[in-house]
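Asker: Structure in structure tokens, see below.
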Amino acid sequence: METDRKIILLADTEQSQQDKLRDFYTSFANQIKDKGLEDSVSLVRASDIGIYGKGFAVKIFPRGIVYTGVNESDIGAIIDASVKGQGTVERLLFSEEPKQIRIVLRNCGVIDPESIDEYIACRGYGALKKILSGMNPAGVIEEMKKSGLRGRGGAGYPTWMKWKFTRESQGDRKYVICNADEGDPGAYMDRSVLEGDPHSVIEGLIIAGYAIGAGMGYMYIRAEYPLAVERVKKAIEQAYECGLLGKNILGTDFSFDIDIRLGAGAFVCGEETALIASIEGKRGTPRPRPPYPSVSGLWGKPTAINNVETLANVPYIILEGGDKFALIGTEKSKGTKVFALTGKVRNSGLVEVPMGITLREIVFDIGGGMLGDKPIKAVQTGGPSGGVIPVDRLDTPVDYENLQKLGSIMGSGGMIVMDESDCIVDIAKFYLGFCVEESCGKCAPCRIGGYQMLNLLNGIAEGSGSLEDLDKLRRLALAMQRASLCALGQTAANPVMSTLRYFEQEYREHIINRKCRSHKCRSLMTYSIIQDKCKRCRVCVINCPVNAIEGDREKGFFIDVSKCVKCGKCFEVCKFQAIAKE
Amino acid sequence: MAKLTPKDIDAKIAAGLDESGDWIKVGMSTCGMAAGAGEVFSTLQQEAKKRNLEVRIKKCGCQGMCYAEPLVEVHCAGLPDVVYGRVDKETAIKILEKHISAKTLVNDNIYEVRTRRQA
């Protein structure tokens, strides 16, 4: 019978020695043959088994035993103990609690996102049924309070409070809005949830509507997510067909409608007051708060705005109870957070981790470590409103408060890993440049301050900066933080401030030594020809766009620094690595 | 579809997700599609039909391992569930021939293996 067969997986957890894995595989296979077990075992090479930096790993099914750090000399013992027999080789045994907990992503990759039946089969709309058959709105808000869930869009405002204020506000109509205008560079958690499990967000939105007494909900999705829009549209249609949206949901007197609005490519529309203006058909610019949307939001009516990930948590909390949810996480940050792990990390992708996990665990245990095993320099969290966290703070537990203390923010969940080839000034320039482009222009601190800061940064990157510029940057940042109208301007300087805090030395090197240690700032580099390595093939001479390389085959070639435009072409074309870049 | 009653929902939840028989799930979110999941999905459908294999080819969302897309999860009686990564046309055919027909796992593309979830 097939079920009697043992399956043995072999993997290289260092992921650097694939040919060695083949040798290991061969000797494993030979020893199995020698012991006459080849008919009862199938041996397979795996690419990744979720364990990193522990040498060769062997996983044996059906028992699921994992051995790590296995050498060829251990193979015999493993086969005798766990393949022939029912025992284990204690000293090689590996056991670890899984680091990821899936609440938001509970159905992502499990169900067909275009099938409401599959969602319901995974307890979907069970939470809606539960509240409609016996929980009053105050009870729902109480459950949310117990859970301690805070907004996952960035600011971390307690969800129950937002709902309570909106519920208590006077208004003949109320609205709920799902903010799916995810715009941070490198962040795509919301997209994956909408594409992989759209019904969970819809159910969360209906529950929010019930809790605050709204009859209408909007999903504000950015138009750059066509697949997400398509799947949400389909999901809403299915929910209407099943009577889970529309009049008298599940035979009760609760009625609720959902409509989709598309964002038109403006980052600022993720800000709640700008988002509301955009839905109203106006230009997407923020307005001063108060009044907060919970008092006067969409069309002047009380409105609750929640992020995609926040809403995807709601059905779980209602079904499982707030107390159970609150068991996960830290004192003030409950539950899990989804991060989009990208940059110089081996395994980029989505991770859902309990609050309080350290950045190091995320990067090394889940992300599989650095690409090419280069040393890690920093981790950027929170997108353009966040900051850069240096390597010596990697062991800080991740929650709202800790990240803020470090000068960054939780943000929506982008996490970009950097190594030594990333220049800090360049990073600050990139994020600030993003905010300058996306500034709506309504208020002066953001419009002018951002532009001036970017000019200063450009000067530093080009080698024309002075030490006074650092003070100017700090002053401008403070003005932007205090005087900007909305969060975009208030936080736009965060990447600059946090890099100045931890990497001031690198700024100073750019200014004083006119050097960029990561070789990113083009203007600060000088190119020269290493005569010992040069074969005098003239390829660089032919390729130089400004004819800055002079000399002949007899005497050798030299780069005329006064003519050189530092385009790097010679460096790219030289086959002998004879061009030095400093 | 007819309107559901609370009882219908209870019944559907009690029945659970239909994961009977052999099936293959292909991650069809933006990350998967960009890496070629669309082609893998249609290859699996066509080739399974050609070979008269009784296997359901299904779509699903992102499993999170975006670095290894396209991801294909295979459930086949008698074997643990396997997630194959970086699957292309050739690997898709191998999965049908080896994993589904011959009940042996395919080398070098395994990214996760799990014993059956108890529903």
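Chains P and W, in that order, are what the protein sequence lines are. Counting from 1111, one number per residue, gives the positions in the first sequence under our numbering. Counting from 7, one number per residue, gives the positions in the second sequence under our numbering. No residue lacks a Cβ here, since even glycine has one placed at the ideal position from N, Cα and C. Just so it is clear, the structure is predicted and the values come from calculations on it, not from any experiment.
Does any residue of chain P bring its CB to less than 8 Å from the CB of D24/W?
Answerer: Yes, D24/W counts as interfacial toward chain P.
Asker: Are the C-beta atoms of R1155/P and some chain W residue less than 8 Å apart?
Answerer: Closer than 8 Å: yes.
Asker: So which residues on chain W does K1239/P lean against when the C-beta distance must stay under 8 Å?
Answerer: In chain order: P12, I15, D16.
Asker: What is the residue span of the beta strand (DSSP E) that L1337/P lies within?
Answerer: No beta strand (DSSP E) contains L1337/P, which is instead part of the alpha helix (DSSP H) from 1336-1351.
Asker: So does the stretch 1510-1524 of chain P actually touch the stretch 1320-1336 of chain P, counting three or more Cβ pairs closer than 8 Å?
Answerer: Counting Cβ pairs under 8 Å, fewer than three are found: no touch.
Asker: Just how far apart, CA to CA, sit V1193/P and E1206/P?
Answerer: Distance between the alpha carbons of V1193/P and E1206/P is about 22 Å.
Asker: Could you list the residues in the stretch 1485-1508 of chain P with a C-beta less than 8 Å from some C-beta on chain W, going in chain order?
Answerer: Here the close residues number zero.
Asker: Is K95/W helix, strand or coil by DSSP?
Answerer: Helix.
Asker: Name the residue from D1227/P, R1173/P, V1214/P, R1301/P whose alpha carbon lies nearest to the alpha carbon of A17/W.
Answerer: A17/W has its Cα closest to that of D1227/P, out of D1227/P, R1173/P, V1214/P, R1301/P.
Asker: Taking only the alpha-carbon atoms, compute the straight-line gap between S1302/P and V1342/P and give it to the nearest angstrom.
Answerer: In a straight line, the C-alpha of S1302/P is about 12 Å away from that of V1342/P.
Asker: Does T97/W get closer than 8 Å to chain P when you measure Cβ to Cβ?
Answerer: Not closer than 8 Å to any Cβ of chain P, the Cβ of T97/W fails to qualify, so no.
Asker: Report yes or no: do three or more beta-carbon pairs, one from the stretch 1428-1441 of chain P and one from the stretch 1327-1347 of chain P, lie closer than 8 Å?
Answerer: Verdict: no, contact absent.
Asker: What are the start and end residues of the alpha helix (DSSP H) that includes E1228/P?
Answerer: From DSSP, the alpha helix (DSSP H) with E1228/P extends over 1226-1231.
Asker: Sorted by chain position, which residues of the same chain lie with C-beta nearer than 6 Å to F1377/P's C-beta, five sequence neighbours on each side aside?
Answerer: Closer than 6 Å at Cβ, skipping near neighbours: G1293, E1548.
Asker: What are the start and end residues of each continuous alpha helix (DSSP H) run of 4 or more residues lying completely inside the stretch 1537-1584 of chain P, in chain order?
Answerer: List check, alpha helix (DSSP H) in window: 1560-1572.
Asker: Using 8 Å as the threshold, is the stretch 1607-1619 of chain P in touch with the stretch 1643-1650 of chain P, meaning 3 or more CB pairs across them?
Answerer: Short answer: they don't touch.
Asker: Leaving out five residues before and five after D1536/P in sequence, what residues of the same chain have Cβ atoms less than 7 Å from its Cβ?
Answerer: Same-chain partners within the cutoff: A1571, K1630, C1631.
Asker: Look up E1292/P in the DSSP assignment and say whether it is helix, strand or coil.
Answerer: DSSP places E1292/P in coil when its eight states are reduced to three.
Asker: Identify, in the order they occur along the chain, each residue of the same chain with its Cβ nearer than 7 Å to the Cβ of L1421/P, setting aside the five sequence neighbours on each side.
Answerer: Only C1288, V1311, G1314, L1315, A1318 meet the Cβ criterion.
Asker: Please report how far the alpha carbon of A125/W lies from the alpha carbon of A20/W, in whole angstroms.
Answerer: Low per-residue confidence applies at A125/W: pLDDT is 31, beneath 50, and the placement is therefore not dependable, though the value from the model is reported in the following sentence. Going from the Cα of A125/W to the Cα of A20/W covers about 10 Å.
Asker: G1356/P bridges to which residues according to DSSP?
Answerer: G1356/P pairs with F1366/P.
Asker: Are the CB atoms of Y1177/P and L1147/P within a distance shorter than 8 Å?
Answerer: Not in contact: L1147/P and Y1177/P (Cβ atoms no closer than 8 Å).
Asker: Would you kindly work out how many angstroms separate the C-alpha atoms of V1250/P and E1278/P, rounded to a whole number?
Answerer: Cα-Cα distance, rounded: 14 Å.
Asker: Do you know how far the Cα of P76/W is from the Cα of T1452/P?
Answerer: Going by the C-alpha atoms only, they are around 17 Å apart.
Asker: Measure the alpha-carbon distance for V89/W versus L10/W and round it to whole angstroms.
Answerer: For V89/W and L10/W, the distance between alpha carbons rounds to 34 Å.
Asker: With contact counted as at least three CB pairs below 8 Å, one residue from each stretch, are the stretch 1154-1163 of chain P and the stretch 1461-1478 of chain P in contact?
Answerer: With the cut-off at 8 Å, the stretch 1154-1163 of chain P and the stretch 1461-1478 of chain P touch.
Asker: Tell me which residues of the stretch 24-48 of chain W have at least one Cβ-Cβ distance to chain P shorter than 9 Å, keeping chain order.
Answerer: If the cut-off is 9 Å between Cβ atoms, the stretch 24-48 of chain W has D24, K31, G33, M34, S35, T36, C37, M39 near chain P.
Asker: Quick one: is R1262/P near chain W, going by C-beta distance under 8 Å?
Answerer: Not closer than 8 Å to any Cβ of chain W, the Cβ of R1262/P fails to qualify, so no.
Asker: Is there contact between the stretch 1384-1391 of chain P and the stretch 1255-1262 of chain P, where contact requires at least three CB pairs shorter than 8 Å?
Answerer: Contact between the stretch 1384-1391 of chain P and the stretch 1255-1262 of chain P is absent, because fewer than three Cβ pairs lie under 8 Å.
Asker: In whole angstroms, give me the CA-to-CA distance for L1119/P and R1585/P.
Answerer: Cα to Cα, the separation comes out at about 58 Å.
Asker: Does the contact criterion of 3 or more C-beta pairs under 8 Å hold for the stretch 88-106 of chain W versus the stretch 46-62 of chain W?
Answerer: As far as the Cβ criterion goes, the stretch 88-106 of chain W touches the stretch 46-62 of chain W, which means the pair count is three or higher.
Asker: Which of the three DSSP states, helix, strand or coil, is assigned to L1238/P?
Answerer: Looking at L1238/P - three-state DSSP - the assignment turns out to be helix.
Asker: Could you compute how far the alpha carbon of A1554/P sits from the alpha carbon of S1594/P?
Answerer: Roughly 7 Å between the two C-alpha positions.
Asker: State buried or exposed for K31/W, treating a residue as buried only when at least 16 other CB atoms are found within 10 Å of its CB.
Answerer: Counting Cβ neighbours within 10 Å, K31/W comes out buried, since at least 16 surround it.
Asker: Cutting at 7 Å between CB atoms, please list the residues of its own chain near G1661/P, excluding the five before and the five after it.
Answerer: Result list for G1661/P: F1667, F1668, in chain order.
Asker: Measure the beta-carbon distance from S26/W to E1305/P and round it to whole angstroms, keeping in mind my assumption that it falls under 8 Å.
Answerer: Not a contact, Cβ separation roughly 26 Å.
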